[in-house]
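Q: Let me give you the structure first, and then I'll get to my questions.
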Amino acid sequence: MFRIALTRFVLAVFMILPACATASETTVRIGVLSYRELDGVLFNWADIQSKLGAAIPGYKFELSPMDGKQLHEAVRQGELGFVLTNGSQYVSLASEFGIQRIATIMLPEAASPQKALGSTVLTLAGRKDVTRLSDLRGKRIAVVANDAFGGYLAAARELLGAGVDLEAGDASLVYVGFPMSLAIDALRTNEADVAIVRTCLIEQLAKQGKLQLADFKVVSPRPEPGFKCVPSTQLYPDWPLAAAGDMDLELAKKVAVTLLSMPPSIKGLSWSIPADYQPILELDRDLMIGPYAELRTSSFRGLMKNYRPYLLTALLVLFGVAVYFIRVQILVKRRTIELRESRANAYRLQIKTEHMARLSILGEMASTLAHELNQPLATIAAYAQGLERNCASGQVNADMVTKVNREIVAQTERADKVIRQVRTFARKRMAASELRPIAETVDEAIDNFSTMLPALPPVNLDNRLPAGKMLKADHQQIQQVLINLMKNAADAMISLPPEGRMIDIVLDRTGKDLTIAVADRGPKPLPETLAHLFEPFFTTKPDGLGLGLPICKSIAEAHSGKLSVYPREPQPGLVFQLNLPEYRNNE
Numbered sequence: 074m075f076r077i078a079l080t081r082f083v084l085a086v087f088m089i090l091p092a093c094a095t096a097s098e099t100t101v102r103i104g105v106l107s108y109r110e111l112d113g114v115l116f117n118w119a120d121i122q123s124k125l126g127a128a129i130p131g132y133k134f135e136l137s138p139m140d141g142k143q144l145h146e147a148v149r150q151g152e153l154g155f156v157l158t159n160g161s162q163y164v165s166l167a168s169e170f171g172i173q174r175i176a177t178i179m180l181p182e183a184a185s186p187q188k189a190l191g192s193t194v195l196t197l198a199g200r201k202d203v204t205r206l207s208d209l210r211g212k213r214i215a216v217v218a219n220d221a222f223g224g225y226l227a228a229a230r231e232l233l234g235a236g237v238d239l240e241a242g243d244a245s246l247v248y249v250g251f252p253m254s255l256a257i258d259a260l261r262t263n264e265a266d267v268a269i270v271r272t273c274l275i276e277q278l279a280k281q282g283k284l285q286l287a288d289f290k291v292v293s294p295r296p297e298p299g300f301k302c303v304p305s306t307q308l309y310p311d312w313p314l315a316a317a318g319d320m321d322l323e324l325a326k327k328v329a330v331t332l333l334s335m336p337p338s339i340k341g342l343s344w345s346i347p348a349d350y351q352p353i354l355e356l357d358r359d360l361m362i363g364p365y366a367e368l369r370t371s372s373f374r375g376l377m378k379n380y381r382p383y384l385l386t387a388l389l390v391l392f393g394v395a396v397y398f399i400r401v402q403i404l405v406k407r408r409t410i411e412l413r414e415s416r417a418n419a420y421r422l423q424i425k426t427e428h429m430a431r432l433s434i435l436g437e438m439a440s441t442l443a444h445e446l447n448q449p450l451a452t453i454a455a456y457a458q459g460l461e462r463n464c465a466s467g468q469v470n471a472d473m474v475t476k477v478n479r480e481i482v483a484q485t486e487r488a489d490k491v492i493r494q495v496r497t498f499a500r501k502r503m504a505a506s507e508l509r510p511i512a513e514t515v516d517e518a519i520d521n522f523s524t525m526l527p528a529l530p531p532v533n534l535d536n537r538l539p540a541g542k543m544l545k546a547d548h549q550q551i552q553q554v555l556i557n558l559m560k561n562a563a564d565a566m567i568s569l570p571p572e573g574r575m576i577d578i579v580l581d582r583t584g585k586d587l588t589i590a591v592a593d594r595g596p597k598p599l600p601e602t603l604a605h606l607f608e609p610f611f612t613t614k615p616d617g618l619g620l621g622l623p624i625c626k627s628i629a630e631a632h633s634g635k636l637s638v639y640p641r642e643p644q645p646g647l648v649f650q651l652n653l654p655e656y657r658n659n660e
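Using the working numbering, you'd call the opening residue of the sequence shown number 74 and step up by one each time.
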C-alpha cells in the first residue's frame, strides 16, 4: 500500500496540466511500471498541477500504467516520452534503448536516494532454525514475483552470496502476487517459512495496526545509518524517472527542474537529483538478468548447471595438468636462476682473473716504464737547454724556436702514448663489441708489444687475408690475448742469442674462421707440458702465475672462437693459433 501511495504521487505529478487543454497541446506519454489497478489513485494535486502547468505550457502529459513486458515494448516502439520504473528495469532499458534518468524518487525513510530500497527477509519470531540467510536453503519462501525489485531481486542477490541459489532450486518459491502483504499472510498461515518483502513494508503495516512487529523477526538484519527501517540486504537507489533517448532536451530539463523544485508530498515523497545506478548494474550482473541475461547460457555458472558432471571431470583433469605445469615451471625457474647465478659468478671471476693477469704483466712493465719515459724527457730537457743557451748568446730566430717547439711536442706525445698504453691495458672494464678490420687490431697489438719492454724480439707479420676483412669483437681483449702470446713467445726464446730470436705472426682464414697464428723459435716443450698449458695456475716460469693462457682461452671462447697450441714444424718452437668467427654482412 505504500507503493500505491508512491504510484499515486507519481501519477499526480504528471496529471497536472489544466483540464482546459487545447487541441494545440502536445501529448507526452509517461510509461509507469504498475502491478495494481490504478482506479481512485488521483488525489487533489492542484498545487503540483499548477506548478508544472505554469512551468511547462503547451504540453499534455498522459499517464500509461503497464507491466514490465508492456513497458519494454512501448519503449522499443518509441511510444513513450518518459519512463518511471524500478532500478533493475531502468538499467536494462538504458542499456538497450539509451533512456536517460533525470530524477530519482526520494522516500521519507531514506537519508539518501542512493540508499533507499532493498529487501527485508522475514520469518516468525518463534522460528529458531532461521537466523541467517544461509539457513533459507530448503525452506519455503513467499515472494510476490521474480521481477519485483524489493520483493525478490535484492534478496536473491544476497542469498546467492550466502550460497543459496533461488534460480537453481536451492529453496521452494511460493508466489503470492500483489499486494505484497500477501507474502506476510503466507507466513501466518504456515504456507511459507520465510517471506521476502520490500524494505519499510512491515514498519508501515505496524503503524497502520495491521501487524505486530514482535510477531516477526528480520533474518540477517543489516541496519543502515540514516535509514529508518531494517533491511536484510544492501540498499539501492529508488525508482528513477527517465527520458526517452529521442526526447527533446529542453522539455526534459523543464520536467526535471519542476520535479526537483517541488516540496515533499503529504506522504513525504519528493524528488532528488538522479542517483548512481551502478549498484543495480552489479546486481543484474550477479543475477544474470537485464543487460547480463545472456550470461545464463554463456557463463561458467550457467554451464555448470547444465553440464556439471562433465565439467567437474574436465576441471579435475585440468587441475592435475595445471599442478604438473606449475611444478615444472617452478623447477625451470629455479634451475634458470641457479644457471644465471652460476654464469654471473663465472663472469665475475673471469673479469677478476683477467684484471689480475693484466696487473701481473704491468708488474713486469713497471721496471721498463721509467726507461721508456726517460728518453723523451731527456730529449725535451736537451732541446730546452739548447734553446736557453742560444737565447743567451743571441742566436735565436723564429725557425729555430719553431723547430725546437715541434720536437718538444713530439717527445711529449711519445711519453703520453706510453702512459696511455699502460693505463688502457690496466683498466678493468666491461666487454664492448666493435666492428673493425682485424689487421688494424693485430697491428696495434704489435705496436703496443714493441714498446712494452727493452730488447724484445722483432715481430714478422704475414697477412694473407684480403684487404678489409672485418672482425666483430672486443678488440682490446683480442689485443690482450695477442700481447700475452707474444710475451710468452719472447720468454720462450730468452736463452737464444738476439739474432736467433723472431716472432712470426700469420693472418689467414680457415673455413669460416679468421686465424691469427703466433709462433716462436724456442725449444720444443715436453708433451706433458703441452697437455697442461691451458690449466689455471700451471706455469713453467719461476715467477709466473699460470693465469695468462687460461684467460686467453676464456676470451677466445667468449667470442665463439678457440685457442689451440701445436709444435712448429719443421722449425723448433710452438704455434698458438687463435680462431675467431669471420663477420659477414648477411649474419
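Beta carbons are placed, not taken as given, at the ideal position from N, Cα and C, and that holds for glycine.
Around the C-beta of Q285, are 16 or more other C-beta atoms found within 10 angstroms, so that it is buried, or is it exposed?
A: As a working note, residue 285 is residue 212 in the sequence shown. Counting Cβ neighbours within 10 Å, Q285 comes out exposed, since fewer than 16 surround it.
Q: Determine the extent of the alpha helix (DSSP H) in which N263 is found, giving its start and end residues.
A: As a first step, residue 263 must be located in the sequence shown, where it is residue number 190. Here N263 belongs to no alpha helix (DSSP H), and DSSP marks it neither H nor E.
Q: Using only alpha-carbon positions, find the residue among T613, I551, P598 that is nearest to L636.
A: Along the sequence shown, one-based indexing puts residue 636 at 563. If we check each option's Cα against that of L636, I551 comes out closest.
Q: Could you pull out every residue in the same chain whose Cβ sits closer than 7 Å to the Cβ of A244, ignoring the five residues on either side in sequence?
A: The residue labelled residue 244 in the question sits at position 171 within the sequence shown. If we look at A244 and ignore the five residues flanking it on each side, its Cβ neighbours are L209, R210, G211, K212, I214, V237.
Q: So, do the segment 318–331 and the segment 166–175 have three or more beta carbon pairs nearer to each other than 8 Å?
A: Yes, they touch.
Q: Does the Cβ-Cβ distance between M179 and W344 come in under 8 Å?
A: Residue 179 sits at position 106 when you count from the first residue of the sequence shown. Residue 344 sits at position 271 when you count from the first residue of the sequence shown. Yes, the pair counts as a contact, with Cβ atoms nearer than the cut-off.
Q: Identify every residue that forms a DSSP beta bridge with Y248.
A: The residue you call residue 248 lines up with position 175 of the sequence shown. Y248 is bridged to V216.
Q: Measure the C-alpha to C-alpha separation of E323 and L232 and round it to an integer number of angstroms.
A: Your numbering for residue 323 matches position 250 in the sequence shown. Your numbering for residue 232 matches position 159 in the sequence shown. Rounded to whole angstroms, E323 to L232 spans 43 Å at the Cα level.
Q: Note the first and the last residue of the continuous beta strand (DSSP E) segment covering P623.
A: As a first step, residue 623 must be located in the sequence shown, where it is residue number 550. Looking at the DSSP string, P623 is not in any beta strand (DSSP E); the run it does join, the alpha helix (DSSP H), is 621–631.
Q: In angstroms, rounded to a whole number, what distance separates the CA positions of P645 and A512?
A: As a first step, residue 645 is located in the sequence shown; it is residue number 572 there, counting from the start. As a first step, residue 512 is located in the sequence shown; it is residue number 439 there, counting from the start. In a straight line, the C-alpha of P645 is about 27 Å away from that of A512.
Q: Taking the continuous alpha helix (DSSP H) assigned at G160, which residues delimit it?
A: Locating residue 160 in the sequence shown gives position 87, where the first residue counts as 1. Counting along the chain, the alpha helix (DSSP H) containing G160 begins and ends at 160–170.
Q: Any idea what DSSP makes of K301, helix, strand or coil?
A: In the sequence shown, the residue the question calls residue 301 occupies position 228. Coil, per DSSP.
Q: So, is C464 buried or exposed, given that buried needs 16 or more other C-beta atoms within 10 angstroms?
A: For the purposes of this step, residue 464 is taken as the residue at position 391 of the sequence shown. Exposed, since its Cβ has fewer than 16 Cβ neighbours within 10 Å.
Q: Starting from the Cα of E98, find the closest Cα among E135, V303, N263 and give me that residue.
A: As a working note, residue 98 is residue 25 in the sequence shown. Cα-wise, what sits closest to E98 is E135.
Q: When DSSP labels each residue in this structure, what does R656 get in the three-state scheme?
A: In the sequence shown, counting from the first residue as 1, residue 656 sits at position 583. The sequence given here has Tyr at residue 656, not Arg. Here Y656 sits in coil by DSSP.
Q: With DSSP run on the structure shown, which of helix, strand or coil describes I511?
A: Taking the sequence shown and counting its residues from 1, the one referred to as residue 511 is at position 438. Helix at I511.
Q: Assign R205 to one of three DSSP states: helix, strand, or coil.
A: Here residue 205 refers to the residue found at position 132 of the sequence shown. It is coil, neither helix nor strand.
Q: Could you check what DSSP says for A315 in three-state terms: helix, strand or coil?
A: In the sequence shown, residue 315 corresponds to position 242, counting from 1. DSSP places A315 in strand when its eight states are reduced to three.
Q: Roughly how many whole angstroms lie between the Cα atoms of V194 and D220?
A: As a first step, residue 194 is located in the sequence shown; it is residue number 121 there, counting from the start. As a first step, residue 220 is located in the sequence shown; it is residue number 147 there, counting from the start. Rounded to the nearest angstrom, the two C-alpha atoms are 16 Å apart.
Q: Just to confirm my understanding: we take L226, look at its own chain, exclude 5 residues before and 5 after, and list those with CB closer than 6 Å. What are they?
A: Taking the sequence shown and counting its residues from 1, one reaches residue 226 at position 153. Cβ within range, chain order: S161.
Q: As an exercise, report each continuous alpha helix (DSSP H) stretch of at least 4 residues that is fully enclosed by the segment 333–398, in chain order.
A: You should have 351–360, 368–371.
Q: Please return the same chain residues whose Cβ sits closer than 8 Å to the Cβ of L508, not counting the five positions on each side in sequence.
A: Translated into the one-based positions of the sequence shown, residue 508 becomes position 435. So the list reads M543, L544, K545, Y656, once near-sequence residues are dropped.
Q: Counting Cβ pairs closer than 8 Å, one from the segment 266–279 and one from the segment 392–402, do we hit at least three?
A: Too few Cβ pairs lie closer than 8 Å, so no.
Q: Compare the Cα-Cα distances from H605 to each of V591, K626, S506, A128 and report the closest residue.
A: Mapped onto the sequence shown, residue 605 falls at position 532. Looking at the Cα atoms, K626 is the closest of the given residues.
Q: Buried or exposed: which applies to A419, given that a residue is buried once 16 or more other Cβ atoms fall within 10 Å of its Cβ?
A: Along the sequence shown, read from residue 1 onward, the residue named residue 419 stands at position 346. So A419 ends up on the exposed side.
Q: Contact between the segment 143–159 and the segment 245–262: three or more CB pairs below 8 Å?
A: Output reads no: the segment 245–262 does not touch the segment 143–159.
Q: Since V579 contacts R641 with CB under 8 Å, what's their CB separation in whole angstroms?
A: Residue numbering aside, residue 579 sits at position 506 when the sequence shown is read from its first letter. Residue numbering aside, residue 641 sits at position 568 when the sequence shown is read from its first letter. At roughly 11 Å, the Cβ-Cβ gap does not stay under 8 Å, so V579 and R641 are not in contact.
Q: Along the chain, which unbroken stretches of the beta strand (DSSP E) at least 3 residues long are found entirely within the segment 563–592?
A: If we require 3 residues or more, the beta strand (DSSP E) runs fully inside the segment 563–592 come out as 576–583, 586–592.
Q: Does DSSP put S637 in a helix, in a strand, or in coil?
A: Residue numbering aside, residue 637 sits at position 564 when the sequence shown is read from its first letter. Strand.
Q: Looking only at its own chain, which residues have a Cβ that is under 8 Å from the Cβ of L460, when we skip the five neighbours before and after it?
A: For the purposes of this step, residue 460 is taken as residue 387 along the sequence shown, with counting starting at 1. Correct list, in chain order: V469, M473, V474, V477.
Q: Quick test of your reading: L651 and T588, contact by CB under 8 Å. State the CB separation rounded to the nearest angstrom.
A: To locate residue 651, count along the sequence shown from 1; it is residue 578. To locate residue 588, count along the sequence shown from 1; it is residue 515. So it is a contact: roughly 7 Å between Cβ atoms.
Q: For V237, which three-state DSSP category applies?
A: Within the sequence shown, residue 237 is the residue found at index 164, counting from 1. Three-state DSSP puts V237 in coil, outside helix and strand.
Q: So the candidates are S305, S165, E264, A241; which of them puts its Cα closest to the Cα of L190?
A: Here the question's residue 190 lines up with position 117 in the sequence shown. The shortest C-alpha separation from L190 is found at S305.
Q: Using the Cβ count rule (16 or more neighbours within 10 Å means buried), how would you classify T386?
A: Looking up residue 386 in the sequence shown gives position 313. Exposed.
Q: Using 10 angstroms around the beta-carbon of N533, count the other beta-carbons present and answer buried if the total reaches 16, otherwise exposed.
A: Taking the first residue of the sequence shown as 1, we reach residue 533 at position 460. N533 comes out exposed.
Q: So, with DSSP's three-state summary, where would you put I175?
A: Taking the first residue of the sequence shown as position 1, residue 175 is located at position 102. DSSP places I175 in strand when its eight states are reduced to three.
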